[in-house]
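Heads up: the sequence shown runs through residues 1 to 697, numbered per UniProt numbering.
Even for Gly, the Cβ is constructed at its ideal location relative to N, Cα and C.
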Amino acid sequence: MSTTARKRLMRDFKRLHIDPPQGVNGSPAPDNIMQWNAVIFGPEDTPWDGGTFRLTLEFQEEYPNKAPVVKFKSTMFHPNIYADGGICLDILQNQWSPIYDVSAILTSIQSLLCDPNPNSPANSEAARLYSENRREYNRRVSEGLSDIERAKALLVNNHPVSQRAVIDSLPALVKSKGKSAYVHLASSLLNNLAAQPNDAQVADAWIKAFQALAPSLDRAVLRSKALPVVMAKASASETSVASRLASCALLGALAPRLTREEVEQHFLRRGLTMCQEVDYVVRMCMCDQLAGLAKAVGRDVTAAQILPETLELVKDDDMRVRVAAVGALVGMLEVLPQDLRRSKAMPRLRQLCTENSGEADMARCLSRLMPTIFARVIGEQDNDQEVGSFLSSFRSLSASTDATARQTCASHVFTILQGATARRYATHLHDTLMTMVADQDENVRAALAGQFGDVCRLLGKERCQHYMKRPLLALLGDSTHAVKAAIAKNIGVTAFTSDQVYDNLVPIAVKYLTNGIASVMPAAADAVAASLRTNRRQHQRTELYGRMLRDFAHGRCFMRRCSFLIMAASLLARFSAKYFAEWCLSTVLELSSDPVPLVRLRVCPLMPALRSTLQLPDDAERLDKLSAALVTLSTDPDADVAAAARAVTGEFQSKPVRKKNEASPGADVAFAAFEAADKKKAAEESDMSMFADEIER
């Protein structure tokens, strides 16, 4: 149906499309010309600069004799904009005239953003701040912008601290927001790279942002905008160290995005020249780019020009340059021809591992890169002589005087063993591992302890029984909490028999559960629970759990009763609901009425999980007892206990109770996953019963 209003709106749309005002745009909904969506771009040099603000316009049949209803959909902090997005603007109210069209409406609203009227406020707080504290007003405006809009607004801020914070966040912002973020921020990025900001930290932040963003930038933009900047900074006439450093970093980021011919034409010669700069920082920075440059130009050019320069830099007078050169050499291994890797690169790296293990910076670098180097050795030279020589190099690094290098080596033991295979462990790695176990630095021992289970699994039962008992006992008896906590997580590995675990490891865990410090007890309790779960001998399970009941759950010392409840949390996680309900639930319920408040307090956090162990109709009586216990705890005379019980009541009541052969009502995806995992546990526990009469005694 064609009406005067609709004809006028069609004319408005055509005019807006043919001659759009700067900074505004709009269009009708596809199925209703009376409903419009519009955007206004924040005016430059205002707090709104960089923002994109969405509006809706709702027209009536009386248009143009009656103003439309206009509302912002974007959140706005403005003296003349209501909380619901409504706009206090005279032309939309008593000053409306039929001569105004959509273009005029949007332009007037855009002007209102930077020229508000605080005397006719729709937001009294915004009006007050605009009149009394313009700086705070501007800050509040920027808070309402999107992440991209706020970043763009802050980038024009002259304060270096705020600029650095925003620049550092740009890679993550572009990653999360996609191409739209780059479109908004690209001009600021490229302009600042060319301008070389006065603040060194700001300039460095811009370069790092470009390095992070370069892989996702459009190649045409890189060629037309970034390439001239890099060439200008890399020119021979440029004497500033800061500019030469910037050119190195930008070159490395740009090279992978250009063709081999473009890199050779524009960058290669200048890049190799900067490898010989007088200033060590320039040589070091250029080393960081050599691996990327090698990948860009390919195998032949790398072998002929880049590798010789890199090998010279490995012998540089400055240690920092040598370290950077080693990183470059390892980074270009995949590009080098195999014969050069075997004849030049690998021997040099092996020599460095042996000669420089006492130099802290080089030792740290080589220990960090050793897995990459060793993987290349295994892939190409898997013979005992070559592998043995690099394992000897690893042994040298593991004995470095630098604790950080030794810690890094310890964290790589499993990775190195994977490449070496278990058959080489005794000859090449066992002595190294024993040295790490006795290392004077606890961080080295903790790094090794964290991998102990993986190492045991890789070695297999036979080798594990022969070689790993002594180091395991040493780590379990370590004097520091970090090492004990790391190794306790590995007690459940199946590399040891049930008898070995029961005779050698369980006593240590029980010892720390009895007298250990508070921070160690959860790990010790979980170790006992893991032993109960993995032990295949019924009499050992019965004896251990009977001891837990006798000495802990029913012990005279209230701290031991608390320790049992710590273990109960681990039992809940490791065993099926049915198994826990059968063997442990009644004991926990007894402790809910313990005479010591601290014990009762320990029970409260367990209550929701206890409810999940029950299944109706079989456990109806247990559910009644559990609910009654929570009610009693909620009215406990001890204020802390009562508060803790009330805090978990909501979660307790919301936990679905399983029903036999039925889907639990109100169960969500997480609970369905819990039930599936629980069924798997129950199937594994079919032969894990205990002697009930022994337990009761």
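- Contact between Val455 and Phe496 does not hold, since the beta-carbon distance rounds to 13 Å and is not under 8 Å.
- Within its own chain, the residues whose Cβ lies closer than 7 Å to the Cβ of Thr354, once the five positions on either side in sequence are excluded, are Ser393, Ser396, listed in chain order.
- In this structure the region 510-519 does not lie against the region 654-661, because fewer than three pairs of beta carbons, one per stretch, are closer than 8 Å.
- Per the coordinates, the alpha-carbon of Gln22 lies some 13 Å from the alpha-carbon of Arg15.
- Annotation: the continuous beta strand (DSSP E) that includes Ile40 extends over 32-41.
- Measuring C-alpha to C-alpha distances from Ala629 to each of Leu571, Asp618, Val648, Gln615 identifies Val648 as the nearest.
- Taking 4 residues as the minimum length, the alpha helix (DSSP H) runs contained wholly in the region 241-307 are 241-254, 260-263, 269-274, 280-297, in order along the chain.
- Secondary structure of Glu58 (DSSP, three-state): strand.
- Rounded to the nearest whole angstrom, the CA to CA distance from Asn80 to Leu9 is 26 Å.
- Only residues of its own chain outside the window of five on either side were considered, and among them Ala403 have a CB closer than 6 Å to the CB of Asp441, listed in chain order.
- When Thr635, Ala291, Val641, Gln615 are compared, the shortest CA-CA separation from Leu598 is found for Val641.
- If only complete runs of 3 or more residues are kept, the region 373-427 shows no beta strand (DSSP E) anywhere.
- In the three-state DSSP reduction, Gly26 falls in the strand class (E or B).
- Between Glu62 and Ala5, the alpha-carbon positions lie close to 7 Å from each other.
- Relative to Arg536, the option among Asp687, Asp300, Val278, Leu113 whose CA is nearest is Asp687.
- Taking a C-beta distance under 8 Å as the contact criterion, Ala527 and Ala488 qualify as a contact pair.
- For Arg140, the CB contacts under 6 Å within the same chain, skipping 5 residues up- and downstream, are Phe77 in chain order.
- Nearest to Gly388 by alpha-carbon distance, out of Ala426, Leu254, Gly331, is Ala426.
- Met332 and Leu290 do touch by the CB rule: their CB atoms are close to 7 Å apart, below 8 Å.
- Using a 10 angstroms sphere on the CB of Asn123, the tally of other CB atoms reaches 16 or more, which defines it as buried.
- Between Val321 and Arg260, the gap from beta carbon to beta carbon reaches 8 Å or more.
- Taking Ser131 as the centre and dropping the five residues before and after it, the same chain places the C-beta of Pro118 closer than 6 Å to its C-beta, in chain order.
- Lys73 sits in coil when the DSSP states are folded into three classes, being neither helix nor strand.
- A straight line joining the alpha-carbon of Cys275 with that of Ala296 spans about 17 Å.
- A check of alpha carbon separations from Val603 across Thr613, Leu589, Glu621 identifies Leu589 as the nearest.
- In the structure shown, Arg536 adopts coil according to DSSP, grouped into three states.
- DSSP places Leu333 outside both helix and strand once states are collapsed to three, so it counts as coil.
- Taking the Cα of Leu626 as reference, the smallest distance to any Cα among Ser586, Leu601, Asp636 is reached at Ser586.
- Of all alpha-carbon atoms in Glu386, Met362, Thr632, the one lying nearest the alpha-carbon of Ala405 is that of Met362.
- Pro347: member of the alpha helix (DSSP H) spanning 346-355, first to last residue.
- Of the other Cβ atoms in all chains shown, 16 or more fall within 10 Å of the Cβ of Val24; this residue is therefore buried.
- Beta-bridge annotation (DSSP): Leu616 is paired with Lys659.
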